[in-house]
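Note that the protein sequences, when read in sequence, are chains H and X.
Here the working numbering runs 1 ahead of the position in the first sequence, where the first position is 1.
Here the working numbering runs 1 ahead of the position in the second sequence, where the first position is 1.
2 protein chains.
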Amino acid sequence: MTDLPPLRPATRIVDAVHESLREGILSGVLPPGQPLSVPELARRLNVSRSPIREAVLQLVSDGLAVEQPRRGVVVATIELNDVLEIHEIREFVEALSARLCAERIDADGVAELRSIIARQEKCVAKDNAAGYFQTNAAFHEAIGRFSRNSRLHDILISLEGQMRIGLQRVSSEGEQRRRGVLEHAQIVNAIEKRDGDRAERLMREHIAKTRKRLAEQIRKARGEVAA
Amino acid sequence: MTDLPPLRPATRIVDAVHESLREGILSGVLPPGQPLSVPELARRLNVSRSPIREAVLQLVSDGLAVEQPRRGVVVATIELNDVLEIHEIREFVEALSARLCAERIDADGVAELRSIIARQEKCVAKDNAAGYFQTNAAFHEAIGRFSRNSRLHDILISLEGQMRIGLQRVSSEGEQRRRGVLEHAQIVNAIEKRDGDRAERLMREHIAKTRKRLAEQIRKARGEVAA
DNA sequence: CCCCTTCATGTTACATGTAATATCATTATT
DNA sequence: AATAATGATATTACATGTAACATGAAGGGG
Chain H
2 MTDLPPLRPA TRIVDAVHES LREGILSGVL PPGQPLSVPE LARRLNVSRS PIREAVLQLV
62 SDGLAVEQPR RGVVVATIEL NDVLEIHEIR EFVEALSARL CAERIDADGV AELRSIIARQ
122 EKCVAKDNAA GYFQTNAAFH EAIGRFSRNS RLHDILISLE GQMRIGLQRV SSEGEQRRRG
182 VLEHAQIVNA IEKRDGDRAE RLMREHIAKT RKRLAEQIRK ARGEVAA
Chain X
2 MTDLPPLRPA TRIVDAVHES LREGILSGVL PPGQPLSVPE LARRLNVSRS PIREAVLQLV
62 SDGLAVEQPR RGVVVATIEL NDVLEIHEIR EFVEALSARL CAERIDADGV AELRSIIARQ
122 EKCVAKDNAA GYFQTNAAFH EAIGRFSRNS RLHDILISLE GQMRIGLQRV SSEGEQRRRG
182 VLEHAQIVNA IEKRDGDRAE RLMREHIAKT RKRLAEQIRK ARGEVAA
């Protein structure tokens, strides 16, 4: 008999709860600082406390919530500071991701990247900020996937999740988005040519721009407080 | 009254169990593939199953164990492949760590790094391989700490833990260790001079050497299998 | 001899019970 | 009025119960 695809394991409640809470946090329904009370979530989701507790602890491991022992878990608050920390790391791990991607991607992968960029260009043309962010995330996720390093992929996903909590604090102008999509296109060109050095350098510079804007924003905010 | 440091929270059983299992895995008492049966560990450690289950799931999040839904958790097996994956990432995140360290360390920090190197030199002189690995880990951990980026520090610790499981698969000769400690000294020199560019480049090259050795080892192992 | 069924055993996943503890509104005290 | 003591309420951390499920050995049929 020809091999059937393996059955997906019966969805466990804990996974469903984790997914639901994660969505709630990333969409803003559960805002930063919101307590994640195990008994209350159990009542609300109509399951027992065990899978809730496990899911909540998962979120802590994901960096999407923080635990104060004996005082419970709350949705993580991601300050500008944290977003800067995250971009310091992204500057390097996304650069690695781009390099590995250039070495390991296939033609289908390149096509997928080009299609994401096409969607993103439409968002820029229509001045659709939300769509831009979404396709931006898809672009970086795809590059992480094609770099064929599962731990690297996990790190990128973890940073992306935390970033989304803090993202409302970061402004972006249409002109920046216009340049962003151009940079993406250049990165894909380098990847297609298998030029790992260039893909790495372009990606690093791409992220560094945002990092520097963040550092500047923080410097200004600090200045206002000090003054 | 002057502020006393906050009391450490009464040690929770779950934390004690997590620590104990982590030590067991890193020391090799719990070898790769070893099942982590919740009821059995509960009997052995004389506590109920709840804190055991939480601790075991923590280990999964740490990358030190792997879960097969409905089939339990076993200690992670770190193949040469995985060690290579980890070094691909370390090449970049350790380079970042060295750069940030150069920008942010203080005089006490530099003194600590020099003292670690001094200990490491003794290990090399006495051909003490275990001591070399331990001081090596201490060196990279300290640099991670002085880079003052908590998420970066967490990533480095996570990779280090997984590496230690797989480390027995990696050989190291006295000559390599001799060069390693020299490279460490050069990195600290760059850090002391606040030369972030140079610290980053030296660290990247330092890790890349190990990465390339690993890739070579894997290529040879594959060749033998194919032949 | 190989394959399938059956059954015994042990585990996971979830549910629920409860003591110790944290929080907070209210009252009592200076 | 500000601070401290009190008590009501809710939560965490841990313990324990149990149905569904996985595993592996023993037995039966091809």
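All C-beta atoms, glycine included, are put in the ideal place defined by N, C-alpha and C.
Close-in-space but distant-in-sequence residues of the same chain around A130 (chain X) (CB under 6 Å, 5 per side omitted):
Same-chain partners within the cutoff: there are none.
Do we get a CB-CB distance below 7 Å when we pair E86 (chain X) with the residues of chain H?
Chain H contact via Cβ: present.
Can you tell me the Cα-Cα spacing of E184 (chain X) and P40 (chain X), whole angstroms?
Approximately 48 Å between the Cα atoms of the pair.
Under 7 Å, do H88 (chain X) and L203 (chain X) count as touching if we go by C-beta distance?
No. Outside cutoff.
Contact between the region 188-207 of chain H and the region 186-199 of chain X is defined here as three or more beta-carbon pairs at a separation below 8 Å; is this criterion met?
They do not touch, by the three-pair rule.
Straight-line Cα distance separating G132 (chain H) from L160 (chain X)
So the two alpha carbons sit approximately 34 Å from each other.
Taking Q121 (chain X) and N137 (chain X) to be in contact with their CB atoms under 8 Å, please state how far apart those CB atoms are, rounded to whole angstroms.
Approximately 7 Å separates the beta-carbon atoms of Q121 (chain X) and N137 (chain X); this is inside 8 Å, confirming the contact.
Would you say R165 (chain X) and L27 (chain X) are within 7 Å of each other, going by their C-beta atoms?
Yes, the Cβ-Cβ distance between R165 (chain X) and L27 (chain X) is below 7 Å.
Alpha carbon to alpha carbon, how far is L85 (chain X) from C124 (chain X)? Give it in angstroms, no decimals.
So the alpha carbons of these two residues sit roughly 26 Å apart.
Given a threshold of 16 other Cβ atoms within 10 Å of its Cβ, counted over all protein chains shown, does V226 (chain H) qualify as buried or as exposed?
By the neighbour-count rule (16 or more Cβ atoms within 10 Å), V226 (chain H) is not buried but exposed.
Distance check for A209 (chain H) and I90 (chain X), CA to CA, integer angstroms please.
When rounded, the distance between both Cα atoms is 18 Å.
Would you list the residues sitting across from E68 (chain X) in a DSSP beta bridge?
Looking at the DSSP assignment, E68 (chain X) forms a beta bridge with X:V74.
Look up P36 (chain H) in the DSSP assignment and give the residues it is bridged to.
Residue pairing by DSSP puts P36 (chain H) in a beta bridge opposite H:V75.
Got a sec? Which residues, its chain only, sit under 7 Å from N150 (chain H) by beta carbon, not counting five neighbours each side?
Listed in chain order, the non-local C-beta contacts of N150 (chain H) below 7 Å within the same chain comprise L101, local neighbours out to five positions each way being set aside.
Out of curiosity, what's the CA-to-CA distance linking I158 (chain H) and K127 (chain X)?
I158 (chain H) and K127 (chain X) have their C-alpha atoms roughly 44 Å apart.
Based on Cα-Cα distance, which residue from H:V57, H:R212, H:V48, H:K221 lies nearest to E92 (chain H)?
Looking at the Cα atoms, H:R212 is the closest of the given residues.
Start-to-end residues for the alpha helix (DSSP H) that takes in T211 (chain H):
197-227 is the extent of the alpha helix (DSSP H) around T211 (chain H).
Just the Cα atoms here: how many angstroms apart are Q69 (chain X) and L58 (chain X)?
Taking the Cα positions, Q69 (chain X) is about 12 Å away from L58 (chain X).
Just to confirm, is the Cβ distance from V67 (chain X) to L31 (chain X) under 7 Å?
No, Cβ-Cβ distance for V67 (chain X) and L31 (chain X) is not below 7 Å.
Name, going along the chain, the residues of the region 91-117 of chain X whose beta-carbon falls closer than 8 Å to a beta-carbon of chain H.
Going along the region 91-117 of chain X in chain order, one finds E92, F93, V94, A96, L97, L101 with a Cβ nearer than 8 Å to chain H.
I need the straight-line Cα distance from G167 (chain X) to R13 (chain H), nearest angstrom please.
Approximately 31 Å between the Cα atoms of the pair.
Assuming I219 (chain X) and L81 (chain X) form a contact by the criterion Cβ under 8 Å, report the distance between their Cβ atoms to the nearest whole angstrom.
That pair is a contact at about 5 Å.
State yes or no: is the beta carbon of N150 (chain X) nearer than 7 Å to at least one beta carbon in chain H?
Yes, N150 (chain X) lies at the interface with chain H (some Cβ there is under 7 Å from its Cβ).
Residue of H:E104, H:D83, H:L37, H:F134 minimising C-alpha distance to Q177 (chain H):
With distances taken between Cα atoms, Q177 (chain H) lies closest to H:F134.
L156 (chain X): contacting residues in chain H (beta-carbon distance under 8 Å)
In the sequence on display, residue 156 (chain X) carries Ile and not Leu. Residues of chain H whose Cβ lies closer than 8 Å to the Cβ of I156 (chain X) are, in chain order, I90, I156.
Measure the alpha-carbon distance for V15 (chain X) versus L153 (chain X) and round it to whole angstroms.
Near 25 Å, if we compare the C-alpha coordinates of L153 (chain X) and V15 (chain X).
Restricting to Cα atoms, I'd like to know which of H:V94, H:R105, H:E20 is closest to F147 (chain H).
Nearest option by C-alpha distance: H:R105.
Reduced DSSP secondary structure (H/G/I, E/B, other) of N150 (chain X):
N150 (chain X) falls in the coil class under three-state DSSP.
Could you check whether L114 (chain X) and A139 (chain X) sit closer than 7 Å to each other, using their CB atoms as the reference points?
The criterion of a C-beta distance shorter than 7 Å is not satisfied by A139 (chain X) and L114 (chain X).
I want to see whether chain H comes within less than 7 Å of L153 (chain X), judged by CB atoms only; does it?
Taking 7 Å as the CB threshold, L153 (chain X) lines the interface with chain H.
List the residues of chain X that P33 (chain H) touches, going by C-beta distances under 9 Å, in chain order.
Close to P33 (chain H), with beta-carbon spacing below 9 Å, lies no residue of chain X; the smallest spacing is near 17 Å.
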